[in-house]
Amino acid sequence: RLPPVVTIDGPSGSGKGTIAKLLADRLDFVLLDSGALYRAAALAALNKEVDLSNDKLLTRLAKDLDVSFTLDVGQVQVWLEGCDVTADIRMERVGMAASKVAAIPGVRAALLQRQRDFREAPGLVADGRDMGTTVFPDAPVKIYLTASAEERARRRFTQLRERGVSVSLRDLLEDIRARDAQDMDRAASPLAPAEDAVELDSTGVGIDEVLQRVLLLVRDRV
Ligand code: C5P
6 RLPPVVTIDG PSGSGKGTIA KLLADRLDFV LLDSGALYRA AALAALNKEV
56 DLSNDKLLTR LAKDLDVSFT LDVGQVQVWL EGCDVTADIR MERVGMAASK
106 VAAIPGVRAA LLQRQRDFRE APGLVADGRD MGTTVFPDAP VKIYLTASAE
156 ERARRRFTQL RERGVSVSLR DLLEDIRARD AQDMDRAASP LAPAEDAVEL
206 DSTGVGIDEV LQRVLLLVRD RV
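Going by the UniProt record's numbering, the residue at position 68 of the sequence shown is 73; the numbering climbs one at a time, nothing skipped.
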C-alpha cells in the first residue's frame, strides 16, 4: 500500500503553507510545497529571459529543471542549478510569473511525476492548488483552505512589513485578486476543491484552531 497523503489546496495567502509545515512537523511526515517547484521553474525562466508565453520552451525548461529540496534545521531550502534560491523564489514577481508558467499544460505534465515522488513512508503533506484533484486523487485526507481576499491581503501586508518591505494594502489586494483569477480560470488543473475535499475557511480563525481541525480529520482517516 502507498503511504498516506494529506493534501492542502487553496488560493495564495490562505495559510496553507503554514498549516502544511506545522502538520508535517507534528505527524513527522514529508512535506511537499508544490508552489516552490512552479516558482523555481518561473525563476529559471526569468533568469534565462525566456518569454513567458513560449509554451514549448517553458515545457522543455520544466522537463530539464535542476531543482532540489534540502532540510536545514527543520526549514526547507530550495536549490536551483546548485544555487540557494529559497529567498529569491518568494519575490512577488516570481509568484506572478509562476502563476503564468503554471497555466501551461506541458509544464504541469513535466512536474507531475516529480511531485508524486515525494510520497514516502510514513506519509506526505502536500500543499498547492491541485494536490487533491490531480496529483494525489487517492489521498485519504483532502483539505481546501480559503480565506477572504481582504484577509489574505492583510496577512501578506503584515508579513512583508515585519520583513521591512513597504507595500500598499490596496496593491496587495489587487495582486491577490489577479492571481486568484489566473489560477481559477485556467484550463489546466484550475484551483478548485476536489469533490471529496473538506473546505475550511480561515477568515478570522487562528492558525492553532485550523491546525486542530485538520489534525482531527487526519486522526479519523489515516
Ligand atoms: O503556492 P504558491 O503561491 O507558492 O504558488 C505559486 C504559483 O504556482 C500559484 O499562483 C499557482 O499558479 C502555481 N501553482 C500551481 N499548482 C500548484 C502549486 C502552485 O499551479 N500545485
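All residues carry an ideal CB built from backbone N, CA and C; glycine is no exception. Since the model is a prediction, treat every value here as computed from it, not as a measurement.
According to the neighbour-count rule (16 or more other Cβ atoms, all chains shown, within 10 Å of its Cβ), is GLY169 buried or exposed? When all chains shown are included, GLY169 counts as exposed.
Taking buried to mean at least 16 other C-beta atoms within 10 Å of its own C-beta, is LYS147 buried or exposed? buried
Length-filtered (4 minimum) alpha helix (DSSP H) runs lying within the region 34–122: 39–52, 60–69, 97–106 and 110–121
Check whether LEU7 and ARG119 have beta carbons under 8 angstroms apart: no
For GLU204, write down the residues that DSSP places opposite it in a beta bridge. Paired residue(s): TYR149.
Could you name each continuous beta strand (DSSP E) segment of 3 residues or more that falls completely within the region 156–213, going from the start of the chain to the end? If we require 3 residues or more, the beta strand (DSSP E) runs fully inside the region 156–213 come out as 203–206.
LEU205 versus LEU63 - alpha carbon distance: 34 angstroms
Just the Cα atoms here: how many angstroms apart are VAL35 and ARG65? One Cα belongs to VAL35, the other to ARG65, and the distance between them is close to 28 angstroms.
On the DSSP bridge assignment, give the partners of THR139 in chain order. The partner list for THR139 (beta bridge, DSSP) is empty, contrary to what the question assumes.
Comparing C-alpha positions only, which one of GLY100, GLN164, VAL83 and LEU216 sits nearest to ASP188? When each option's Cα is compared against that of ASP188, the closest is GLY100.
Burial state of THR12 (16 or more Cβ within 10 Å): buried
Sort LEU220, LEU51 and ALA114 by Cα distance to VAL130 and report the nearest one. The option with the nearest alpha carbon to VAL130 is LEU220.
Just the Cα atoms here: how many angstroms apart are ILE109 and LEU48? 15 angstroms
Measuring only from the beta carbon, is ARG184 closer than 7 angstroms to any heavy atom that is part of the ligand C5P? yes
Could you check if GLY20 belongs to the surroundings of the ligand C5P, using beta carbon to heavy atom distance under 7 angstroms? no
The alpha helix (DSSP H) that contains PRO29, what's its start and end? Note that residue 29 is Ala in the sequence shown, not Pro. Unbroken alpha helix (DSSP H) run through ALA29: 21–32.
Would you mind sorting VAL78 into buried or exposed? The rule is 16 or more other CB atoms within 10 Å of its CB. exposed
Would VAL215 pass as a contact of GLY128 if the rule is Cβ separation under 8 angstroms? no
Give me the DSSP bridge partner(s) of GLY133. ASP14
Tell me which same chain residues have a C-beta within less than 7 angstroms of the C-beta of ALA115, skipping the five on either side of it? THR64, ALA67 and LYS68
ARG124 by DSSP, collapsed to three states: which one? coil
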